[in-house]
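Novice:
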């Protein structure tokens, strides 16, 4: 048994830090790390370690970590890859808790075994590994810049976890330049041991961290990450930038971090599920960080736009619609509050347009009035440079207003549009910690991000309306029957279930397949059709055929005996012709399902996130329209409902052109059953019910076709 | 008859400029305009006009324009709205060509009549009006800043046309701050007379203008605008920002410019049709302007990413996919060219990752090698701040590289990521006219914009592949039969055609309706079904019912006599019940169309753009999925094909899951026929064929249902 892990707190607040591989040569990384630690003024002793001893930058050098003779929680390892294990052994003797392994040459160059050995040794000796292949670690709490990264770090309240060193370096520089302060920077590199989930555990409870920003390229232990994110977003906003979303980007990510990107749609949906704000790129993430730091939690989302330029107001209204920000539209109230400061040619309808005639006094007056009106929950304040609006005291006025809004618990996003004076004003305000923007779309995007996080947090805190869905509704499935349905395929070493096995599985998880019989002869088929009742569908049964319609193996809507006879013969002929040597297990005769809305429900084991469920528009449309939503398991009814609502298929289920509302409960039920199936059974890798025909409520749904894949094994012999 | 219009050239290169309403009071707009003209150093005489005479800013004041006694092409009118007509009369006497009407209080406040009178007077006296309700006009060619806008204008090669004064002011300031030079700024305000189309006529041929940037809120004469844009984009890039795209934004636009926004999807598609680059917001438009100014025309679109940070390379690859930029993937060539400058832990696969070990020499070497390889058509060059990459001479190196790339006809987008030193470097390079960015997505978006414009220009220059479509294919329709089909509805004062009239119209335009008969009695219905052949569809015929299925007026797939009898009775009962007092014109019996892919084709008169055609996925999906494309008329077969390709329905037409390819030619044919119908007949306001069932090629398509609206008039009596 491994010894207990050290407390993660000591990674961020070490009692002492060793630099193993410290060097007197200023050109070496081992020198720069000691220099960085000194420059930032670490709040704990710094111990350079080098077998040659001596002095580096005025500090005495220990020949080994073990000889330091004081508490050392963190050791930065900057020796060549071949000497890292020896260094780790030395650190183990010194009682080190965390190895920050700067050294590269591990998984990213194919050296998986070296990485495995390093972690195994560390864990066996009560140590954890950060990295390898990283630039170091920064912790504001300990004034600790334990790495060879930039020195220009602005302390503050945003923690950055990054899988890429270059993006980490860029983020450090860009945050400093834009006035965003950092509480910690943790590059995770190859994630050989410590990963995002471990770090979130600390950052979630760290009072100095208001926001967590994660740059990620590949997910390794998705289920752990999902749980850690879920716990963190209830307390503070988490912003994620995920690269490798495109085919070519994923290729590049694989080549430089050795990690797989996974399907971007799945990542995107699961991030939404756990309340993460996903930024597309660095600039977007930084704008959100700047705005969300210290932003008050709004009492609601009814927003006001104040502008001195009509066109900018129009653009802001467009941007609010794009980012889902509802505008306050109580025009009577707006007129009462703003008529006095709005000229006749302006407008008190939201946007409140003060026009180019507005002076600085009008402008600040309007913003103060907005502050006095409880039905205005947030404000986007736009200033366009004009000849009339006196600029001199504008920066101060904005700073005062920003302070007043913060004190009143009212978010305000300032947007300043103009020339060099405005540019300088923006820089000055950002340096003073006021988030101001030079584009109305950015301002709206920031407010939208705050609202999105706040909505998620509220939903997590309060139970949803009982009529809509039941957070606690549980479904149960017949585990023994599931095992029985999978048995024959497992025994045969098959990857796919046959039709009748799929239907047995459907029944085992409590779903309704169409009435169905398998016929071995034409006479049996005719008899089966009579038993089931016309119209019927015929389908080929063969282990060799997965997509039956591709080989002419399906005939729909057969109305009578003659049609069944003709279709039976046509199917056999077509399949035999297209699949030479086909072994046929019979022909399945099924009730023809008519009416209802076709959707698809499915579940699978995602390489990154483990068991996930899927919902979308059914039939051939699922492939063409890509109108699908994903969720990680476990799945509550409310989550199932939310994924349905994300798709356009939702409108079809609500009924279009006078049709009745479909039985959406039956769909959430199906999704939950599939979630339980893949969540409790790791033999099933892929289930797809397509179509699930959903009838008007409360008539339920019929699973017309199911396709099930299980873990593949070569057939015995 | 009105006298001839003055040459638009004199608006931009006047021989003299008068300021009517010039004021000695420094607080007045009439003073600031004179000051602005002087400050910029106008290349023509400036004539302040004020009945009081005297001197303003050292210039002698004329009491009237007429007494100036020299050539005056432009008069800036800055008198109160009640005195503008007198001023115009004075200008007419002085031989002025263009009235730049700064004065507000016209259409934007409801004073439509005043605006109409002003334009009528001007046109009757050989003058054109710019505005009213604008801040003035800037023309670099004449060093003319004839307005009360900002003085901080950087001369250069971008012309701005803006419908919003505030956005115009902001754009002037922002371009100056970002190092983008302007050739002209023309606010159009209420567009009472001169509009975007007039101005494009001049700007298209102006050698000083490389790019036209238009900010627009509402389109007035869409067909003229489309033609002017089409002509301009063949010569130079046109970037359009269109606000008022959301419901609330459109409301705000209507209230401050008095113009209607129109449907955003239509605007978007038509802009793509004519090769306009549509930017979402100011920052995007400015980035494109900065990059496109002086950007060389690329020989192709195979792009290389060079980076010293793996993560930034991954993000850039993602961004390239987003903006449709194909990466060069001849890995053998890439290895040959870049292996020498790429360390072992890096990658020569595109992105070329030089890693954090790269020095400035490696970096510039790699970029020079890319320049030497003809199969690399464009480059995205990313620099992440690191400890190793010496920064000192980087700005100069980038400037040298940018020059070399431009000389070689190779576009290069630089992206610099880092802290304050990088921020300063970006500012310095921009001031020197080098477009550099701080976000890989922005760099990729700019290259994507260049490619999009270049593709459009190439397509306009060269004929498309003959197999795909025929640019010259013309369709003809039977105009007399069209008139005959519309006759009864016009005579009755009806807005909608009855079923049989719609089918007559279909035949008149050369399309194929299903076989169909109208039955007045149950017996006739049964006989009609027998004549047409089972299965059949029954539909109610009534002038009062437009959406037949909403009132239970449709029965599908009736297989035999008994089903027809039952359906006939059910339809009458349901319709009578749901529409009390219903007058029934019979029941239509139609062949049941089966198989094939359902699409929708339509045409209508758009309030902004006039006749347009529409294509989308058919049936109920069109409403739910919003998968539609629009084009302005006239429509070539190639344009018709391009609109089909924009939709997801295209994949359905190509055949999914082993289905045959549908007869896409029949769809382009239908679209062209509808285009001719609405293009030649302004009585038809709306036609919708839904569904058009498209069979496997070459079996054509059947127009199952058509809905036609004509210009409404009250019925006589």
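Protein chains in written order, with our numbering: chain A, 11 to 727; chain B, 11 to 727.
In this text, a Cβ means the ideal position worked out from N, Cα and C, and glycines have one as well.
None of these values were measured; they are calculated from a predicted model.
For residue 654 of chain B, go through chain A and note every residue whose CB falls closer than 8 angstroms to its CB, in chain order.
Specialist: Locating residue 654 of chain B in the second chain gives position 644, counting from the first residue. The contacting residues do not exist; residue 654 of chain B stays about 13 angstroms from chain A at best.
Novice: Can a CB atom of chain B be found closer than 8 angstroms to the CB of residue 187 of chain A?
Specialist: For this step, residue 187 of chain A is matched to residue 177 along the first chain. True, the Cβ-Cβ gap to chain B drops below 8 angstroms.
Novice: Between the Cα of residue 305 of chain A and those of A/56, A/461, A/594 and A/164, spot the shortest distance and give me the residue it belongs to.
Specialist: Looking up residue 305 of chain A in the first chain gives position 295. Ranking A/56, A/461, A/594 and A/164 by Cα distance to residue 305 of chain A puts A/461 first.
Novice: Taking the CB atoms as reference points, tell me whether residue 326 of chain A and residue 392 of chain A lie closer together than 8 angstroms.
Specialist: What you label residue 326 of chain A is simply residue 316 of the first chain in a count that begins at 1. What you label residue 392 of chain A is simply residue 382 of the first chain in a count that begins at 1. Result yes, Cβ atoms of residue 326 of chain A and residue 392 of chain A sit closer than 8 angstroms.
Novice: Could you tell me which residues DSSP puts in a beta bridge with residue 646 of chain B?
Specialist: Position 636 of the second chain holds residue 646 of chain B. Bridge partners of residue 646 of chain B: none, in fact.
Novice: Are the CB atoms of residue 609 of chain B and residue 701 of chain B nearer to each other than 8 angstroms?
Specialist: Translated into the one-based positions of the second chain, residue 609 of chain B becomes position 599. Translated into the one-based positions of the second chain, residue 701 of chain B becomes position 691. Yes, the pair counts as a contact, with Cβ atoms nearer than the cut-off.
Novice: How far does the alpha helix (DSSP H) with residue 502 of chain A in it extend, from its first residue to its last?
Specialist: What you label residue 502 of chain A is simply residue 492 of the first chain in a count that begins at 1. Counting along the chain, the alpha helix (DSSP H) containing residue 502 of chain A begins and ends at 489-502.
Novice: Comparing the CB of residue 584 of chain B with every heavy atom of the ligand ADP, is any distance shorter than 7 angstroms?
Specialist: The ligand ADP is not part of the structure shown, which contains no ligands of any sort.
Novice: List the residues of chain B whose Cβ lies closer than 7 angstroms to the Cβ of residue 678 of chain A, in chain order.
Specialist: Start at 1 with the first residue of the first chain, and residue 678 of chain A comes out as number 668. Those within 7 angstroms of residue 678 of chain A in chain B number zero; the least Cβ separation is about 20 angstroms.
Novice: For a contact defined as C-beta to C-beta under 8 angstroms, what are the partners of residue 290 of chain A on chain B?
Specialist: Translated into the one-based positions of the first chain, residue 290 of chain A becomes position 280. Chain B residues near residue 290 of chain A: 451.
Novice: If the cut is a Cβ gap below 7 angstroms, which residues of chain A does residue 432 of chain B touch?
Specialist: By 1-based counting over the second chain, the position of residue 432 of chain B is 422. Within 7 angstroms Cβ-Cβ: 183.
Novice: Here's the rule: buried if 16 or more other CB atoms are within 10 angstroms of the residue's CB, otherwise exposed. What is residue 708 of chain A?
Specialist: Locating residue 708 of chain A in the first chain gives position 698, where the first residue counts as 1. Per the 10 Å Cβ criterion, exposed.
Novice: Is the beta carbon of residue 243 of chain A less than 8 angstroms from the beta carbon of residue 285 of chain A?
Specialist: As a first step, residue 243 of chain A must be located in the first chain, where it is residue number 233. As a first step, residue 285 of chain A must be located in the first chain, where it is residue number 275. Taking 8 angstroms as the Cβ cut-off, residue 243 of chain A and residue 285 of chain A qualify as a contacting pair.
Novice: Could you give the C-beta distance for residue 254 of chain A and residue 227 of chain A, rounded to a whole number, given that I count them as a contact under 8 angstroms?
Specialist: On the first chain, position 244 is the one that residue 254 of chain A refers to. On the first chain, position 217 is the one that residue 227 of chain A refers to. Correct: roughly 5 angstroms between the Cβ atoms.
Novice: Whose C-beta lies closer than 6 angstroms to the C-beta of residue 507 of chain B among residues of the same chain, with five residues either side of it excluded?
Specialist: Here residue 507 of chain B is taken as the residue at index 497 of the second chain, counted from 1. So the qualifying residues of the chain are 499 and 718.
Novice: With DSSP as the reference, please indicate the residues paired to residue 699 of chain B in a beta bridge.
Specialist: Translated into positions along the second chain, residue 699 of chain B becomes position 689. DSSP lists B/611 and B/716 as partners of residue 699 of chain B.
Novice: Name the DSSP beta bridge partners of residue 739 of chain B, please?
Specialist: Since the first and last residues shown for chain B are 11 and 727, residue 739 of chain B lies out of range.
Novice: What's the gap between the Cα of residue 416 of chain A and the Cα of residue 162 of chain A?
Specialist: To locate residue 416 of chain A, count along the first chain from 1; it is residue 406. To locate residue 162 of chain A, count along the first chain from 1; it is residue 152. Approximately 28 angstroms between the Cα atoms of the pair.
Novice: Report the three-state DSSP secondary structure of residue 114 of chain B (helix, strand or coil).
Specialist: Here the question's residue 114 of chain B lines up with position 104 in the second chain. Residue 114 of chain B: coil per DSSP, three-state reduction.
Novice: Taking the beta carbon of residue 523 of chain A as the centre, do at least 16 other beta carbons fall within 10 Å, making it buried, or is it exposed?
Specialist: Stepping through the first chain from its first residue, residue 523 of chain A is reached at position 513. That one is buried.
Novice: Taking any Cβ of chain A, which residues in the stretch 353-368 of chain B have a Cβ under 9 angstroms from it, in chain order?
Specialist: So the list reads 354, 355, 356, 357, 359, 360, 361, 363, 365 and 366, given in the order they occur along the chain.
Novice: Buried or exposed for residue 20 of chain B, going by 16 or more other Cβ atoms inside 10 Å?
Specialist: Numbered from 1 along the second chain, position 10 holds the residue referred to as residue 20 of chain B. With 16 or more other Cβ atoms within 10 Å, it is buried.
Novice: With 16 as the cutoff for other CB atoms within 10 Å, does residue 328 of chain A come out buried or exposed?
Specialist: Start at 1 with the first residue of the first chain, and residue 328 of chain A comes out as number 318. So residue 328 of chain A ends up on the buried side.
Novice: How would you list, in chain order, the residues of chain A whose beta-carbon sits under 9 angstroms from the beta-carbon of residue 254 of chain B?
Specialist: Residue numbering aside, residue 254 of chain B sits at position 244 when the second chain is read from its first letter. Ordered by position in chain A, the residues that pass the 9 angstroms Cβ test against residue 254 of chain B are 324, 325, 327 and 328.
Novice: For chain B, check one thing: does any of its Cβ atoms lie closer than 8 angstroms to the Cβ of residue 715 of chain A?
Specialist: Within the first chain, residue 715 of chain A is the residue found at index 705, counting from 1. It does not: the Cβ of residue 715 of chain A has no partner Cβ on chain B nearer than 8 angstroms.
Novice: Check whether the Cβ atoms of residue 296 of chain A and residue 184 of chain A lie closer than 8 angstroms to each other.
Specialist: Taking the first residue of the first chain as 1, we reach residue 296 of chain A at position 286. Taking the first residue of the first chain as 1, we reach residue 184 of chain A at position 174. Yes; because the gap between Cβ atoms is below 8 angstroms, this pair is in contact.
Novice: Rounded to whole angstroms, what is the Cα-Cα separation between residue 66 of chain A and residue 180 of chain A?
Specialist: Here residue 66 of chain A corresponds to residue number 56 of the first chain, with the count starting at 1. Here residue 180 of chain A corresponds to residue number 170 of the first chain, with the count starting at 1. Approximately 29 angstroms, taken between the alpha carbons.
Novice: Tell me where the alpha helix (DSSP H) around residue 548 of chain A begins and ends.
Specialist: Position 538 of the first chain holds residue 548 of chain A. That residue, residue 548 of chain A, is in no alpha helix (DSSP H); its beta strand (DSSP E) goes 546-551.
Novice: Chain C partners of residue 318 of chain A, CB-CB under 8 angstroms?
Specialist: Structure shown: chain C not included; protein chains present are A and B.
Novice: Which same chain residues, not among the five before or five after residue 386 of chain B, have their C-beta less than 7 angstroms away from its C-beta?
Specialist: Translated into positions along the second chain, residue 386 of chain B becomes position 376. Cβ within range, chain order: 312, 314, 338 and 380.
Novice: DSSP three-state call for residue 54 of chain A: helix, strand or coil?
Specialist: For the purposes of this step, residue 54 of chain A is identified with residue 44 of the first chain, where counting begins at 1. Coil, per DSSP.
Novice: Below 6 angstroms CB to CB, which residues in the same chain sit around residue 33 of chain A once its five sequence neighbours on both sides are set aside?
Specialist: As a position in the first chain, residue 33 of chain A is number 23, starting the count at 1. Cβ neighbours of residue 33 of chain A beyond the five flanking positions: 40 and 41.
Novice: Can you give the beta carbon distance from residue 665 of chain A to residue 658 of chain A, rounded, assuming they're within the 8 angstroms contact cut?
Specialist: Residue numbering aside, residue 665 of chain A sits at position 655 when the first chain is read from its first letter. Residue numbering aside, residue 658 of chain A sits at position 648 when the first chain is read from its first letter. Rounded, the Cβ-Cβ distance is 14 angstroms, inconsistent with contact.
Novice: List the residues of chain A whose Cβ lies closer than 8 angstroms to the Cβ of residue 225 of chain B, in chain order.
Specialist: Within the second chain, numbered from 1, the residue matching residue 225 of chain B stands at position 215. Within 8 angstroms Cβ-Cβ: 321.
Novice: Going by other Cβ atoms of all chains shown within 10 Å of its Cβ, with 16 needed for buried, is residue 593 of chain A buried or exposed?
Specialist: Indexing the first chain from 1 puts residue 593 of chain A at position 583. Exposed is the call here.
Novice: Does any CB atom of chain A fall closer than 8 angstroms to the CB of residue 160 of chain B?
Specialist: Counting from one through the second chain, the residue named residue 160 of chain B turns up at place 150. With 8 angstroms as the cut-off, residue 160 of chain B counts as an interface residue toward chain A.
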